[in-house]
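Contents: one structure, followed by commentary.
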Amino acid sequence: MMMLALVSSLPAQISNVLTLNPPEKVSGKRNDVVSAAFELVLRPGYHVNSNTPNDEYLIPLKFTWQDGSTQAVDTVFPKPQSEKYEFSEKPLSVYSGTFKVETKFKILQSAPAGASTISGKLRYQACSDKFCLPPKNIDIKLPLFVRE
Amino acid sequence: MAKSRFSRALSAGALGGLLWMAGCSSSSDSVRAASVKNETSRKNAPNFALKDADGRTVKLSDYKGKVVLLNFWATWCGPCKIEIPWFIDFEQKYKDRGFAVLGVSMDDDGWSAVKPYITEKKLNYRVLLGNDTVGDQYGGVDSLPTTFLLDRNGKVAATHIGLVSKSDYQNEILLLLDDKHDDAGAGKQPPRTD
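Encoded structure:
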């Protein structure tokens, strides 16, 4: 019940043109690998570079996680779109609209039982077809519940 | 984690900067080719002193007497990349008429990111490394590219936020180079800065 109250009070984490909707919760036992699906919503007219941009100078979409009760073992990005813009000589590897990224966490043996938080950041860099916005970081606080 | 150069510039200088921008651009939230303002409505471009790739300090005031295309850009900015060959062309074509391009990079990673880019793209104009203070002075520069065209008196004659056409820039540069009403313009030899 307490957990439900905590989860429902979590606002969508909004930063400029990109909204990050974290999953409601992550829960499991020690040594379990659990999944968290993040919904990312871009304002119409904007795109972000994918996690694998096809130009060395472009800034990739990237999640980073702090050490704690879990270890991120895999991140699954959707297939990027290949889009040609007025400013690009070749199609760029991007995301736009609404898409989901799934991160898998291993709950460490040392994790204390009960409620805690997985902390991390999402780094992205967004552009329209005419201009780019500076790279941004969104702080993520993901509720974790470790069962005995 | 440290805030980016841009977010610091925005939070620190948002109000003053936006007011300054409002005076320089007739429409700061739309992307379009701004026409060259008449002389009476032009405001002084804020002076600054920044380092170039060779470590030399460059002041904007050193360029008084020249028409200057002041371009805020970054290596990660796709639209900026399209404009760079235009600016190389302008620098080459109009340098002898008292024109100069000044690029101000807003890369957080500094010269380690910018120098290889300058070499790879064969930039023939001077590039400076921007900072929060200059970003504030010029309105926060929250969208890139942002470009100011300065007349020979160091006043802002046009502002472009975002990608515009090469011909828009060219027309404005030619207009400013031929501006007979500029006090420091016609018949005056601009100082050399190289």
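Those protein sequence lines, which keep their order, are chains A and B. Heads up, the first sequence is in the working numbering, so the first residue is 18 and it goes up one at a time. Heads up, the second sequence is in the working numbering, so the first residue is -14 and it goes up one at a time. Ideal Cβ positions, reconstructed from N, Cα and C, are used throughout, including at glycine. Source: prediction; values computed, not measured.
- Straight across, the Cα-Cα distance linking Pro160/A with Gln88/A is about 14 Å.
- In the DSSP assignment, Gln88/A falls within the beta strand (DSSP E) that extends over 87 to 93.
- Put simply, of Ser128/B, Lys140/B, Leu134/B, Trp96/B the residue whose alpha carbon is nearest the alpha carbon of Lys36/B is Trp96/B.
- Within the same chain, Leu35, Lys36, Asp37, Val43, Leu87, Gly88, Val89, Ser90 come within 8 Å of Leu113/B by CB-CB distance, once the 5 residues on both sides are set aside.
- DSSP places Pro64/B in the uninterrupted alpha helix (DSSP H) bounded by 63 to 79.
- By alpha-carbon distance to Tyr112/A, the top candidate from Asn66/A, Asn154/A, Glu165/A, Phe122/A is Asn66/A.
- Residue Pro77/A holds the alpha-carbon nearest to the alpha-carbon of Trp61/B among Thr81/A, Pro77/A, Phe162/A, Lys46/A.
- Under the 7 Å criterion on CB atoms, Lys147/A is classed as interfacial with respect to chain B.
- Its Cα nearest to that of Cys149/A, the residue Ile146/B stands out among Gly115/B, Phe75/B, Ile146/B.
- Beta bridge pairing from DSSP links Ala143/B with Leu134/B.
- Bridge pairing for Val111/A: Asn66/A, Gln98/A [DSSP].
- Closest by C-alpha distance to Asp39/B, out of Tyr154/B, Lys49/B, Thr104/B, Gly63/B, is Thr104/B.
- Only those residues of the region 92 to 108 of chain A whose C-beta falls short of 9 Å from the nearest C-beta of chain B are listed: Tyr102, Glu103, Phe104, Ser105, Glu106.
- For Tyr102/B, no beta strand (DSSP E) run applies; the uninterrupted alpha helix (DSSP H) run containing it begins and ends at 96 to 106, by DSSP.
- The C-beta of Gln83/A comes no closer than 7 Å to any C-beta of chain B.
- One Cα belongs to Asp47/B, the other to Gly115/B, and the distance between them is close to 17 Å.
- Annotated three-state conformation of Asp39/B is coil, per DSSP.
- Closer than 9 Å at the C-beta level to chain B, one finds these residues of the region 37 to 66 of chain A: Asn66.
- By the beta-carbon neighbour count (other beta carbons within 10 angstroms, threshold 16), Asp156/A is exposed.
- Under the Cβ criterion of 7 Å, Thr60/B is counted among the residues facing chain A.
- Looking at the backbone, the Cα of Lys80/B and that of Pro95/A are separated by about 48 Å.
- Annotation: Cβ neighbours of Ser128/B in chain A (cutoff 8 Å, chain order): Phe148, Cys149, Leu150.
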